[in-house]
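**Q**
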Ligand code: UDP
Ligand code: G6P
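Residue numbers (my numbering): 8 to 574.
(1) Find the nearest neighbour of residue 180 within the set 201, 375, 492 and 221, judged by alpha-carbon distance.
(2) Within 10 angstroms of the Cβ of residue 188, are there 16 or more other Cβ atoms? Answer buried if so, exposed if not.
(3) Identify, in the order they occur along the chain, each residue of the same chain with its Cβ nearer than 8 Å to the Cβ of residue 440, setting aside the five sequence neighbours on each side.
(4) For the pair the stretch 363 to 370 and the stretch 418 to 435, tell me if three or more CB-CB distances fall below 8 Å.
(5) Pick out whichever of 114, 148 and 150 has its Cα sitting closest to the Cα of residue 133.
(6) State the Cα-Cα distance for the pair residue 412 and residue 89, rounded to the nearest angstrom.
(7) Would you please verify whether the beta carbon of residue 105 is less than 8 Å from any beta carbon of chain B?
(8) Can you find the residues in the same chain that come closer than 7 Å, C-beta to C-beta, to residue 527, ignoring five residues on each side of it along the sequence?
(9) What I want to know is whether the C-beta of residue 246 ends up closer than 7 Å to one or more non-hydrogen atoms of the ligand G6P.
(10) Where do the ends of the alpha helix (DSSP H) carrying residue 555 lie?
(11) Could you give the uninterrupted runs of the beta strand (DSSP E) lying entirely in the stretch 176 to 253, keeping only those of 3 residues or more?
(12) Extract the residue ranges of the beta strand (DSSP E) inside the stretch 40 to 111, only unbroken runs of 3 or more that lie entirely within it.
(13) What does the alpha-carbon distance come out to for the pair residue 135 and residue 297?
(14) By alpha-carbon positions, which one of 217, 63, 94 and 159 ends up nearest to residue 464?
(15) Taking the CB atoms as reference points, tell me whether residue 12 and residue 236 lie closer together than 8 Å.
(16) Check residue 20 in the structure and name its three-state DSSP category.
(17) Of all the beta strand (DSSP E) runs that stay within the bounds of the stretch 482 to 562, which reach a length of 3 or more residues?
(18) Using 7 Å as the cut-off, classify the Cβ of residue 529 as near or not near the heavy atoms of the ligand G6P, replying yes or no.
(19) Kindly examine the ligand G6P and report whether one of its heavy atoms sits closer than 7 Å to the Cβ of residue 506.
(20) Pairing CB atoms from the stretch 135 to 151 with CB atoms from the stretch 197 to 206, are three or more of them under 8 Å?
(21) Okay, do the stretch 63 to 81 and the stretch 166 to 174 touch, 3+ Cβ pairs below 8 Å being the bar?
(22) List the residues that DSSP assigns as beta-bridge partners of residue 132.
(23) Between which residues of its own chain and residue 249 is the CB-CB distance below 8 Å, once the five residues before and five after are set aside?
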């Protein structure tokens, strides 16, 4: 976008001091740019407005509004929303109040901007999500000369209903939005979303899957689907991303050694790392299906007497007290073991070299003689505190309460017994490089794994499988996710390229679990050579999802909005 619009592109957002301190660079001397002039005017009106650069790729200009500077007018804002646009907002939570303040500041900014510039140039405003859009209907009502596009990345009601009503997709055409919004206590959010969708010149959403929801819940069919992309950075040489896989896999090996080997060991060279990740929406994210398929996979592998091991990481966010002390302890002992071994290695090496260089009897020296008492003892002590009779924990943290994942693992007895070929590591927190267990950031962790598993039931788009693809990691998705639906439309041989799409549209839960278990079973029987080639094929798809290519969908939406504004 910056490349296309240059200085005429800027983003509007809320100001949060803590975030701004690391991601925002303020322009102190307001330049005489159109945006700079409006910022000045809004400050004169008494609002606290920041203007500068957002420190992400492209370094776009950004205008940030301090929401507190308009909070005093909240009642009037709410009155107007009801009076003029029939949006009810009484008794809403603080977050919704904040979005209403933000929406109003956006409206004021755009109105001022249009008053000053609309005669000279076409102005486009792109709204993302209801949280940015409570001011949009009023812009339309007042006939402000701006071509508006509203993009919804999900629908409020879709997320709630898919999670709570079984057979959601069959019932979809028959839901009454107003009734359901009242049921879930989200009338304000739904009304803002709906009015923004109805009043924008152009409505878009991220997938055909969500387009169907728009029709029912927002009362308007989207004009266009605008799929999600990434800023894809590819290496010059193919082997570089393969090397990264190996490098980060070594770190995961370390965690696995520390976590499992005190109880029992297995061959790391014959171990595969699968993972799933995302917010904790047990059935929406398909965690239920993934676990069921893993239990079936485990059974298949045990039956087939396989010597492979699968370690499944489940990465999500759930309330916890702390990292499980046993898990931390074995991690620490592993480090101690490694240090002691390195010290002994160095000592033996030096003494062996000296002994052989200076020896005269041509005999092979006894290496044990080279380890002094101190290190011998230290190693023995470490070995003793290393071994345990307990099974390796299948949750890395002490959870505040049991949840669907722990319930399932206990019920299915998938609790890291030695004979099981599928091991579970449930990590109820997102991964960050400061994390004591992995020491990897999320992207590195993804690279180190062999397969991402995301057979979602409700997923308007779903970035997680796409993030696997651009890192050259094969992935499972579903035909109910926007990403899966899109890949099926644009590519015929996606499965051969390492994107597996689970059919959740027309299969029962159990059939889908079987399909997933079969795919996973096939995957564990692949040879290393095949895995390497498959990683190459999946990484090769990356460019398709580069914003360089997908920006055009947004360009089309904006052009259409301009045409509609002045037919
Ligand atoms: N994610 C992360 N750290 C983690 C796990 C996930 O940053 O440890 C991110 C992931 O990179 C992805 C996002 O969480 O961008 C989830 O987005 P997705 O579109 O898959 O699901 P949504 O949140 O929209 O339901
Ligand atoms: C990358 C590395 C290879 C390594 C392989 C392991 O391709 O470049 O040197 O052998 O990863 O693959 P695997 O699927 O077994 O982790």
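No residue lacks a Cβ here, since even glycine has one placed at the ideal position from N, Cα and C.
**A** On the basis of the coordinates in this document:
(1) Here residue 180 is taken as the residue at index 173 of the chain shown, counted from 1. Of 201, 375, 492 and 221, the residue nearest in Cα terms is 221.
(2) Walking along the chain shown from the start, residue 188 turns up at place 181. With 16 or more Cβ atoms within 10 Å of its Cβ, residue 188 is classed as buried.
(3) Within the chain shown, residue 440 is the residue found at index 433, counting from 1. Excluding positions up to five away in sequence, the list reads 446, 447, 448 and 451.
(4) no
(5) On the chain shown, residue 133 is found 126 positions in, with the first residue counted as 1. That would be 114, whose Cα lies nearest to the Cα of residue 133.
(6) Here the question's residue 412 lines up with position 405 in the chain shown. Here the question's residue 89 lines up with position 82 in the chain shown. Each residue's Cα considered, the two are about 43 Å apart.
(7) Going by chain labels, chain B is absent from the structure shown, which holds only one protein chain.
(8) As a first step, residue 527 is located in the chain shown; it is residue number 520 there, counting from the start. Here the set comprises 300 and 304.
(9) Start at 1 with the first residue of the chain shown, and residue 246 comes out as number 239. Yes, the beta carbon of residue 246 sits closer than 7 Å to at least one heavy atom of the ligand G6P.
(10) Here residue 555 refers to the residue found at position 548 of the chain shown. It spans 554 to 572 - the alpha helix (DSSP H) in which residue 555 sits, taken as one unbroken run.
(11) 209 to 212
(12) 56 to 61 and 68 to 72
(13) One-based indexing of the chain shown puts residue 135 at position 128. One-based indexing of the chain shown puts residue 297 at position 290. Rounded to whole angstroms, residue 135 to residue 297 spans 31 Å at the Cα level.
(14) Your numbering for residue 464 matches position 457 in the chain shown. When only C-alpha atoms are compared, the closest one is 217.
(15) Taking the chain shown and counting its residues from 1, the one referred to as residue 12 is at position 5. Taking the chain shown and counting its residues from 1, the one referred to as residue 236 is at position 229. Not a contact, by the Cβ cut-off of 8 Å.
(16) What you label residue 20 is simply residue 13 of the chain shown in a count that begins at 1. Looking at residue 20 - three-state DSSP - the assignment turns out to be strand.
(17) 482 to 485 and 506 to 509
(18) For the purposes of this step, residue 529 is taken as residue 522 along the chain shown, with counting starting at 1. Incorrect: residue 529 has no Cβ contact closer than 7 Å to the ligand G6P.
(19) Counting from 1 along the chain shown, the entry for residue 506 is found at position 499. Flag unset: Cβ of residue 506 not near the ligand G6P.
(20) yes
(21) no
(22) Translated into the one-based positions of the chain shown, residue 132 becomes position 125. Its beta-bridge partners are 155.
(23) Indexing the chain shown from 1 puts residue 249 at position 242. Closer than 8 Å at the Cβ level, and outside the excluded window around residue 249, lie 479, 539, 542 and 543.
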